[in-house]
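J.: Provided herewith is a single structure, encoded as structure tokens, for subsequent inquiry.
Protein chains: 2
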Amino acid sequence: MTLLFITFLALASVYRVSPGLGGAWIMDKYEKIVELARRRGFFWPSSEIYGGVRGFIDFGPLGALLKRNIEEKWRRTFIYEYQDFIVEIETPVIMPEPVFKASGHIEHFTDMIVECLKCHRMFRADHLVEEATGLKNLERLKVDELNKIIEEREVRCPECGGRLSEIRTFNLLFRTTIGPYEGNVGYARPEAAQGMFTSFKRVFEATRRRLPLGIAQIGRVMRNEISPRQGPIRLREFTIMELELFFDPQSPHCPVLDDVADEAIMVRTAERIIAGNEEPIKAEVGELVRRGIIKNEWMGFFMGLGQRFVEEIGIPRDRQLFIEKLPEERAHYALQTFDQTVWLERWGWVEVAGHSYRTDYDLSRHMKYSGQDLRVFQEYKKPRRVSKYIIRPKMEVLGPMFRGRARDIARAIEERLKDEEAVKELLESGHIIIDGLKISRDMVEVRIEEVKETGRRFIPHVTEPSFGAERLVYSALEYAYTEVEGRIVLKLPADIAPIKAVILPLISDERMLRIAEEIYRHLKKHGIPVFYDTSGSIGRRYARADEIGIPLAITVDGQTLEDNTVTVRDRDTWEQVRVPIDHIVGIVLGYSRRKITFKDLKARYAMRGSAI
Amino acid sequence: MTLLFITFLALASVYRVSPGLGGAWIMDKYEKIVELARRRGFFWPSSEIYGGVRGFIDFGPLGALLKRNIEEKWRRTFIYEYQDFIVEIETPVIMPEPVFKASGHIEHFTDMIVECLKCHRMFRADHLVEEATGLKNLERLKVDELNKIIEEREVRCPECGGRLSEIRTFNLLFRTTIGPYEGNVGYARPEAAQGMFTSFKRVFEATRRRLPLGIAQIGRVMRNEISPRQGPIRLREFTIMELELFFDPQSPHCPVLDDVADEAIMVRTAERIIAGNEEPIKAEVGELVRRGIIKNEWMGFFMGLGQRFVEEIGIPRDRQLFIEKLPEERAHYALQTFDQTVWLERWGWVEVAGHSYRTDYDLSRHMKYSGQDLRVFQEYKKPRRVSKYIIRPKMEVLGPMFRGRARDIARAIEERLKDEEAVKELLESGHIIIDGLKISRDMVEVRIEEVKETGRRFIPHVTEPSFGAERLVYSALEYAYTEVEGRIVLKLPADIAPIKAVILPLISDERMLRIAEEIYRHLKKHGIPVFYDTSGSIGRRYARADEIGIPLAITVDGQTLEDNTVTVRDRDTWEQVRVPIDHIVGIVLGYSRRKITFKDLKARYAMRGSAI
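As you go down the protein sequences, you meet chains A and B in turn. Position one of the first sequence corresponds to residue 151 (our numbering), numbered consecutively onward. Position one of the second sequence corresponds to residue 151 (our numbering), numbered consecutively onward.
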């Protein structure tokens, strides 16, 4: 995954800017969207009839479509276009304990928790202290440091005023048992990434056996947050869209960097944050890589692509900011991480993706814990001749010197001198200490031999972009949400809009109904999600369609009966054009793939009237 | 979900026919497919580097595409076509305990387990006893009955010969804790269905507020099998494609039944099974509904549609059989269930879908457990005048008779006589017993009044088709698997084949490479999964493509340089036609949507040569 999990938690403290203001009588945008989402079927709290469970949401019919469209756009952007070296896989949510021992999650994937000794409520310790004291960024503190603040500042339970327990760490993995044996522990994955690491060798072998190799996955992940409170923004179960790009650290060049090199992004660097300067710099991805601000080309590539992707779902570039994580904020596996954030009205800069340079951390750990060789062998274009030291301990010297121990010592010398550096030391200084013994040059025969090497065996390095689908769904809704003349217009980009067109017979005339139904059937046959609406005035029906972001409204009216044309109305401008019925499927398909715009339609077909 | 879970377990016992025969030197089809799947990247055991965990598989690049294509075909078949009353939602995998108390899973979703007192291995009791004794269908027995058989037949541990413990029940839900409070139990859902039931009211309100309403979902589910051993067939985590169709039990008519009414299916009915006759009957869905063999029209509709869907992924109708569950085999929520099975070489008839009539079981239970009113109100087209009994206990009679108790008794009478049946009883027999007291006609004033009713409030009934994606992936592979001239050809239907075309420059000529790459890029731009292969002889490249089921091979050869045409080769017949390069995108798109066949191509373009 990415540092999503850290920022998920840090959100409220690090990035929060305006903590949900607005008087009781003014709904903020978040509240308006939640209301719309519930009423029209985008999303709502899960298991609501049982009072709901924090951190879980259901996607209703419109939300599920919107989410799937965003996922599909991610695939188009990150996979289809680069399918010669990026593939998608699907691995289970539940994985066995050894995986997370190796990955470091059992040790590191924790939060600090504190319990009220009186009412026994539990709280995330850093958040609680931040709220009580006004201090910031306490997430970075150690348990002892935070305990000390609680003691010194006499922080009490915010609910009942009771005294607080000592802080303990709480692991955020959902734990379960696999099969009937109690000891057989499994966890729900907190990131898809481990599925890519544990299957890396298999995927490598089954595909073209060359680097770079990207392995992507879209799937559910679970993080057992202590007390999530931000609706679709902080969830215990959510959908991750994740990609692990495996590359040779000796040739870290990204051959497709040019596709996005001129993408200008805003970055708040760790260096500047530490120096107290939060002013972002704005520069092209290519330049940031050249200047070493982004530590490798692949990461730069995915950051550029990531900005383009998020822009395409409706969030302008100037509302996107890449924030570099400080060293102490980074996950245990990352050498560098940028949070890709978008500006949200209630919370300020909110992470929607993490871009991490995971190095060979994960594969190395899995090698160590599984005992499997996860290195790849990359053949040279042609075999290379390389010089190698050939070592032979001279038994004729060692024997008389060390007697019974001679054979063991010879073995230790052989072992030690497999390391080329050790041989060099011996040759240069004339001796080397092995197991406390001084071994001199004359005890060993050293020859140099030319050998043929056909390739190298090494552990690939990994760069990872990782997106949270639910946050993108919410962000897309927030940026699409508009009020025009007192009613809601959801200006979602046409390719992610859940419903592509609504068919409206102007009045309840039998012939109009028949034609409208025919158009509706025709669009359905093409697998296009469409609505058919006959109830209420045409104005009310337009309004209902605008509210859920239907890009095109197709109206069958009196003229249709005469010349087989219908009007097509644009959700965003309320302009209309009249087009032949036969063109409708092509128009709706082209429009919902963003291959044609309303301007194109106006240019092609005669204009008629303006807004209703 | 469906009875998937019962059959999942029952598989080995009920349906197994040929238990993986084949000598050590002959691989059966299952083994061949597993070998191919691993080598080419369809699927393999999950967490393999740690020795794997039974019941979990990874989908590699080709498998993930194949699975997604099958899911998308399911959507096209069951949702897009019927989108006016069927919608798709997405709900979490983890749900809180009350949901599964209400659903009955905590009580009923269990298997019998037995432990060896010596080596402490655990076994599914019914399977163990079946294997030890040769008895069959023991799953239906009660704990006591099975314990008795173990005792009488002296069944021992198959591993070490040790004595066995008493049988206990083992719940198959994966259990976890939500948040930091120990008591806050959650479970991974064993079926998607509960997400549809708990959100039903919301979805109903957010959509058209009318029945019928279908709510579909594709997602992961988990079932903690005791000891799964059949690769992709019996999994602890798998993908369900599930649909709950809510209808008014008073108007159970399915208006789209005609779409599939003439679909002839093979059915083994419970009645005949009980009579010892396993011979299936073959009849049209419409007829089976009329004869009452299928208990409601909606179930018949989905069975017909289900057969068509499974046929379209490559399993012929005569290899599909609907097996009705016996009453004692049915899940606790079902009034009737048909398993939709397909014939697999190793296991015989294997369930790939379950069709269940769940009645109002789930919604009623959730109403009871949540205290929420989940009934729907359906307005009549116009208000109806209905006659209603108006009841008034005569205090002037009751008072003197019962004195201090009179008021309570009056209340009890009122309460009881809200039930129209009770009023009728009173009127007909002249009296009725209420709380042990004989209440006679003269103690009550009964009037009949005409009232206006605008509609009815009731709990909808539910029919559910539920498909297992992984089993369909495996079944599609088994039916596609063919050996021709000693090598593998995977004859997957073009629309579910993972890769749609392979581009092959005939020889390593620079101009051919350039053209081939251009075609490749062009197809990628359209989001089509394609391969580009330059390594080895053309014969070997065709073979590699056939093995993973690529429907079309496009070869750039000498003639291409002259006239801008390429050859297109059909995977299944090895025939070729020569077509203009400009037509390639259209051909590949049309072919992979099964809108054109190779016959069409031959008819349109001049034929050339035959198999290579």
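Note that beta-carbon positions come from the ideal geometry of N, C-alpha and C, so glycine has one too.
On the CB-based measure, 16 or more other CB atoms within 10 Å of its CB, does Val184(B) come out buried or exposed?
T.: Buried: at least 16 other Cβ atoms inside 10 Å.
J.: Could you give the first and the last residue of the continuous beta strand (DSSP E) run that contains Thr348(B)?
T.: Note, Thr348(B): premise wrong, no beta strand (DSSP E); alpha helix (DSSP H) at 343-348.
J.: On a Cα-Cα basis, can you pick out the residue from Ile176(A), Val492(A), Gln522(A) that is closest to Arg97(A)?
T.: The requested residue 97(A) does not occur in the structure, where chain A is confined to residues 151 to 762.
J.: With H, G and I counted as helix, E and B as strand and the rest as coil, what does DSSP make of Glu295(A)?
T.: Helix at Glu295(A).
J.: What's the gap between the Cα of Gly173(B) and the Cα of Val460(B)?
T.: Residue confidence is low: Gly173(B) scores 42 on pLDDT, short of 50, so the model does not pin down where it sits. No coordinate-derived value is stated.
J.: Along the chain, which unbroken stretches of the beta strand (DSSP E) at least 3 residues long are found entirely within the region 212-283 of chain B?
T.: Runs of the beta strand (DSSP E) inside the region 212-283 of chain B: 236-238, 244-246, 260-265, 272-274.
J.: Compute the Euclidean distance between the alpha carbons of Leu640(B) and Ala630(B), then round it to the nearest angstrom.
T.: Each residue's Cα considered, the two are about 5 angstroms apart.
J.: Could you give the first and the last residue of the continuous alpha helix (DSSP H) run that contains Glu565(A)?
T.: Run containing Glu565(A): 556-566, per the alpha helix (DSSP H) assignment.
J.: Quick check on DSSP: helix, strand or coil for Tyr748(B)?
T.: Note that residue 748(B) is Phe in the sequence shown, not Tyr. Phe748(B) falls in the helix class under three-state DSSP.
J.: Rounded to the nearest angstrom, how far is the Cβ of Asp247(B) from that of Gly336(B), given a contact under 8 angstroms?
T.: At residue 247(B) the sequence reads Glu, which differs from the Asp that was named. Going by Cβ atoms, the distance from Glu247(B) to Gly336(B) rounds to 7 angstroms, so yes, they are a contact pair.
J.: Starting from Met391(A), trace the beta strand (DSSP E) both ways and give me its first and last residue.
T.: It spans 387-397 - the beta strand (DSSP E) in which Met391(A) sits, taken as one unbroken run.
J.: Report the residue ranges of all alpha helix (DSSP H) runs contained in full by the region 435-511 of chain A; include only those spanning at least 4 residues, in chain order.
T.: List check, alpha helix (DSSP H) in window: 435-440, 447-462.
J.: Count the CB pairs spanning the region 513-528 of chain A and the region 577-595 of chain A that are closer than 8 angstroms, and state whether there are at least three.
T.: Segments in contact, no.
J.: For the structure I just gave you, are there three or more beta carbon pairs, one from the region 501-512 of chain B and one from the region 567-583 of chain B, closer than 8 angstroms?
T.: No, the region 501-512 of chain B does not touch the region 567-583 of chain B.
J.: So, under 8 angstroms CB-CB, Ala282(B) and Val305(B) are touching, yes? Tell me the CB distance rounded to an integer number of Å.
T.: Confirmed, about 5 angstroms.
J.: Assuming His733(A) is part of the beta strand (DSSP E), what are its boundary residues?
T.: His733(A) -> no beta strand (DSSP E), and no H or E assigned at all.
J.: Below 9 angstroms between beta carbons: does that hold for Phe273(A) and Ile263(A)?
T.: Yes, these two residues count as a Cβ contact at 9 angstroms.
J.: Please report whether the beta-carbon of Glu341(A) lies at a distance below 9 angstroms from any beta-carbon of chain B.
T.: Judged by the 9 angstroms Cβ criterion, Glu341(A) is not in contact with chain B.
J.: Short of 6 angstroms in beta carbon distance, which residues of its chain neighbour Phe608(A), apart from the five on each side in sequence? Order them along the chain.
T.: Taken in chain order, the residues that qualify are Arg525.
J.: Straight-line CA distance for Arg764(B) to Gly210(B)?
T.: No information on residue 764(B) is available, as it lies outside the stretch 151 to 762 that chain B covers here.
J.: Please list the residues of the region 372-388 of chain B that have a C-beta atom closer than 8 angstroms to any C-beta atom in chain A, keeping them in chain order.
T.: Taking 8 angstroms as the Cβ-Cβ cut-off against chain A, the residues of the region 372-388 of chain B that qualify are Met372, Asn374, Glu375, Ile376, Ser377, Arg386, Glu387.
J.: Name, please, each residue of chain A whose Cβ falls closer than 8 angstroms to the Cβ of Lys268(B).
T.: None at all; the shortest Cβ gap to chain A is about 16 angstroms.
J.: Quick check: Trp224(B) and Ile368(B), are their CB atoms within less than 9 angstroms of each other?
T.: Yes, these two residues count as a Cβ contact at 9 angstroms.
J.: Cα-Cα, which of Asp722(B), Ala666(B), Glu428(B) is closest to Ile638(B)?
T.: Among Asp722(B), Ala666(B), Glu428(B), the Cα nearest to that of Ile638(B) belongs to Asp722(B).
J.: Closest Cβ-Cβ distance between His516(A) and chain B: below 9 angstroms?
T.: Yes - at least one Cβ of chain B is within 9 angstroms of the one on His516(A).
J.: Cα-Cα, which of Phe748(A), Ile473(A), Gly605(A) is closest to Asp398(A)?
T.: Cα-wise, what sits closest to Asp398(A) is Gly605(A).
J.: Out of curiosity, what's the CA-to-CA distance linking Val738(A) and Asp750(A)?
T.: If I take the Cα positions, the gap works out to 13 angstroms.
J.: Between Arg386(A) and Glu375(A), how many whole angstroms is the CB-CB distance? I'm expecting something under 8 angstroms.
T.: Right, the Cβ-Cβ distance comes to about 5 angstroms (below 8 angstroms), so this counts as a contact.
J.: So Pro550(A) contacts chain B; which residues on that side make the cut at Cβ distance below 9 angstroms?
T.: By Cβ distance, chain B contributes nothing, its closest Cβ being about 48 angstroms from Pro550(A), past 9 angstroms.
J.: Are the Cβ atoms of Leu438(A) and Phe396(A) separated by less than 9 angstroms?
T.: Against a cut-off of 9 angstroms, the Cβ pair of Phe396(A) and Leu438(A) comes out as no contact.
J.: Among Asp713(B), Pro701(B), Ile207(B), which one has its Cα closest to the Cα of Arg743(B)?
T.: The candidate whose alpha carbon is nearest that of Arg743(B) is Pro701(B).
J.: First and last residue of the beta strand (DSSP E) that includes Phe193(A)?
T.: Note, Phe193(A): beta strand (DSSP E), 193-195.
J.: Which ranges would you report for the alpha helix (DSSP H) in the region 660-735 of chain A if only whole runs of at least 4 residues count?
T.: Runs of the alpha helix (DSSP H) inside the region 660-735 of chain A: 660-675, 688-697, 708-713.
J.: So if I threshold CB-CB distances at 8 angstroms, which residues from the region 232-249 of chain B count as touching chain A?
T.: Residues Gln233, Asp234, Val237, Glu238, Ile239, Glu240, Thr241, Pro242, Val243, Ile244, Met245, Pro246, Pro248, Val249.
J.: Run down chain D in chain order and give the residues with a C-beta less than 7 angstroms from the C-beta of Pro679(B).
T.: Among the chains of the structure shown, chain D does not appear; the protein chains present are A and B.
J.: Mark Leu153(B) as exposed unless 16 or more other C-beta atoms lie within 10 angstroms of its C-beta, in which case mark it buried.
T.: Its pLDDT being 36, under 50, Leu153(B) is placed unreliably in this model, and the value from its coordinates should be taken loosely. Under this definition Leu153(B) is a buried residue.
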